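Below: one structure, written as structure tokens.
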Amino acid sequence: MIDRCLGAIRSVCVDETRTYGLHEPSFEGNDWAYAKECLDTGWVSSAGKFVDRFERHLAEYTGSRRAIAVVNGTAALHVCLQIAGVESGDEVIVPSLTFVATANAVSYCGGIPHFADVEERTLGIDPGKLRDSLLEVAKVENKRCRNRITGRWIRAAVPMHTFGHPVDLDPLVEVCREFGIPLVEDAAEALGSLYKGRHVGNHGILSALSFNGNKIITTGGGGAVLTNDVALADRTKHLTTTAKRPHRWDFFHDQIGYNYRMPNINAAIGCAQLEQLDGFLARKRAIAERYRKAFDDTPGVRWFREPDFARSNYWLNAILLEDSRAFLRDALLSATHDARILTRPAWIPLHKLPMYQACPKMDLSVTLDMERRLVNLPSSSSLS
Ligand SMILES: Cc1ncc(COP(=O)(O)O)c(C=O)c1O
Numbered sequence: 482m483i484d485r486c487l488g489a490i491r492s493v494c495v496d497e498t499r500t501y502g503l504h505e506p507s508f509e510g511n512d513w514a515y516a517k518e519c520l521d522t523g524w525v526s527s528a529g530k531f532v533d534r535f536e537r538h539l540a541e542y543t544g545s546r547r548a549i550a551v552v553n554g555t556a557a558l559h560v561c562l563q564i565a566g567v568e569s570g571d572e573v574i575v576p577s578l579t580f581v582a583t584a585n586a587v588s589y590c591g592g593i594p595h596f597a598d599v600e601e602r603t604l605g606i607d608p609g610k611l612r613d614s615l616l617e618v619a620k621v622e623n624k625r626c627r628n629r630i631t632g633r634w635i636r637a638a639v640p641m642h643t644f645g646h647p648v649d650l651d652p653l654v655e656v657c658r659e660f661g662i663p664l665v666e667d668a669a670e671a672l673g674s675l676y677k678g679r680h681v682g683n684h685g686i687l688s689a690l691s692f693n694g695n696k697i698i699t700t701g702g703g704g705a706v707l708t709n710d711v712a713l714a715d716r717t718k719h720l721t722t723t724a725k726r727p728h729r730w731d732f733f734h735d736q737i738g739y740n741y742r743m744p745n746i747n748a749a750i751g752c753a754q755l756e757q758l759d760g761f762l763a764r765k766r767a768i769a770e771r772y773r774k775a776f777d778d779t780p781g782v783r784w785f786r787e788p789d790f791a792r793s794n795y796w797l798n799a800i801l802l803e804d805s806r807a808f809l810r811d812a813l814l815s816a817t818h819d820a821r822i823l824t825r826p827a828w829i830p831l832h833k834l835p836m837y838q839a840c841p842k843m844d845l846s847v848t849l850d851m852e853r854r855l856v857n858l859p860s861s862s863s864l865s
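Quick note: to get our numbering, add 481 to the position in the sequence shown (first position is 1).
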């Protein structure tokens, strides 16, 4: 089976002389020109025209009323949760199968992650299982949700769109409404993905994007908050720009804010990358199609397809080993790395990490199953 898998991957990663990273950036548009303009004019830092332009274009692209550009996706999540009202001692529902930043952002607010299981169909939070678990442990008081076991408020839920595949948002929104829990989307991996025809990032009160070097578009490092609520957008902008009241010379800060504003030189690259996004998305679908065909003929393994209701950005392709072949996962990782194809397993589920072991959690059997069987494949748009 390992040889068959390697053969299937080689039909996309064809050059035996090079190393294939999981996701590499592409700069084929105005990236150099816009970055040079910043260097030539000296507008490299916290002011300049590209930040406003990037925010405007991002909002237009995603159909959100407002976008606020920040220094990275983790910072975006942190301010989303703070604006959502997460305070010290509050619980926040997050998947255990996610990058550590989703839970860390909760901790930065003094909150406690409450780990939810995922469904195999989407790799995102399972709405039915979440509802069953809340019916067991939660009660609604004054339209707010309290965990009866821990006594703490459940102040937000943060579904994540894993590898760019949208989570099933409608039933999740419904569960959150039923229990009075604000929904914040971790859309770090999912720019360009649609849920029932609408961009992800538009289904909760706020959402977070990442433009790290490994994402579908990059600003070097960077992130953004999306929201359709103008008041929340203004508060987010204020909080991420040191909470400074606008004035020509006075430095009056009306709360403890953050220096999270995206620098102009990063936004310049972001503007150029956004211009190329439709092209990247088309290439990602072409790469996904090649993997699909190659793995159709590979027994013991299934290529992960976007859910029916979604149009995924296919940020990272993934395969799932059949249960009886799960024991071969590390041999596959090893064989591909030997061939300089840098495949990767799913994240170690966050409830296993030392700082999160004592956190509340529901049954996480699907998460643990995905950990055993999932392997990510190189997916850079340059592969097409
Ligand atoms: C699911 C998820 N959330 C949050 C982040 C954090 O983004 P950043 O690396 O830009 O801080 C990432 C990626 O890096 C991510 O994959």
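Note that CB positions come from ideal geometry on N, CA and C, so glycine has one too. Note that the structure is predicted; figures quoted are calculated from it, not measured.
Beta strand (DSSP E) segment containing residue i, residue limits
i, result
"A689", "L687 to S691"
"R625", "R625 to N628"
"A638", "W634 to A638"
"V587", "Run containing V587: none in the beta strand (DSSP E); it sits in the alpha helix (DSSP H), A582 to Y589."
"G704", "G704 to T708"
"E572", "E572 to P576"
"I483", "First-last for I483: I483 to R491, but that is the alpha helix (DSSP H), not the beta strand (DSSP E)."
"I564", "Careful: I564 lies outside any beta strand (DSSP E), inside the alpha helix (DSSP H) at G554 to A565."
"D667", "V665 to D667"
"A550", "R547 to V551"
Residue i: CB within 7 Å of a non-hydrogen atom of ligand 1
i, result
"L558", "yes"
"M482", "no"
"S691", "yes"
"D580", "With the sequence shown as reference, residue 580 is identified as Phe, and Asp is not the correct amino acid for it. Result yes, Cβ under 7 Å from ligand 1."
"G554", "yes"
"A548", "no"
"G704", "yes"
"T583", "yes"
"M641", "yes"
"E670", "yes"
"D667", "yes"
Segment limits, alpha helix (DSSP H) that includes residue i
i, result
"N745", "N745 to D777"
"L720", "V711 to T721"
"H538", "K530 to T543"
"P608", "P608 to V618"
"F660", "L650 to F660"
Beta-carbon proximity list for residue i, same chain, < 7 Å, skipping 5 on both sides
i, result
"S862", "S507, F761, R764 and K765"
"A769", "Y795 and N798"
"A528", "N745"
Sequence-distant residues of the same chain with beta carbon closer than 6 Å to residue i, five excluded per side
i, result
"L615", "F660"
"G592", "V567, D571 and V573"
"K842", "F596 and H832"
"D531", "One detail in the question is off: residue 531 reads as Phe in this sequence, not Asp. Hits under 6 Å: N745, A748, A749 and C752."
"S793", "G645, H646, S674 and E787"
"C590", "L562, Q563 and V567"
"C866", "Here the chain has residues from 482 to 865 only, and residue 866 is not among them."
Among the options, the one whose alpha carbon lies nearest that of residue i
i, options, result
"D521", "I800, L845, I746 and A557", "I746"
"L722", "A557, G645, R534 and P652", "Note that residue 722 is Thr in the sequence shown here, rather than Leu. Nearest of A557, G645, R534 and P652 to T722, Cα basis: A557."
"V648", "V599, K620, R612 and R629", "V599"
"L611", "P576, Y589, A586 and K624", "P576"
"T700", "A540, G502 and V552", "V552"
"A827", "H538, I800 and R821", "I800"
"H538", "G529, A550, S527 and A528", "A550"
"A868", "L823, Q754, D778 and C840", "No statement about residue 868 is possible, as the shown extent of the chain runs from 482 to 865 and does not include it."
"N740", "S805, H719, S688 and D667", "H719"
"N683", "L823, A540 and S865", "A540"
8 Å Cβ cutoff, residue i in contact with chain D
i, result
"S688", "This model lacks chain D altogether, as it is built from one protein chain only."
Close Cβ partners of residue i (< 8 Å) along its chain, the five nearest in sequence each way excluded
i, result
"R633", "G570, D571, E572, I593 and R627"
Is the segment 679-688 in contact with the segment 834-842, if contact means three or more CB pairs nearer than 8 Å? no
I want to know whether the segment 631-650 touches the segment 602-616 - three or more CB-CB distances under 8 Å. yes
Quick check: the segment 846-856 against the segment 816-832, are there 3 or more CB pairs under 8 Å? At 8 Å Cβ cutoff, the stretches touch.
If we count Cβ pairs, one from each stretch, closer than 8 Å, do we get three or more for the segment 538-553 versus the segment 697-717? yes
Just checking, does the segment 624-632 make contact with the segment 652-666 on the three C-beta pairs under 8 Å criterion? yes
Does the segment 772-789 come into contact with the segment 730-740, if we say contact requires no fewer than three beta-carbon pairs (one atom in each stretch) closer than 8 Å? no
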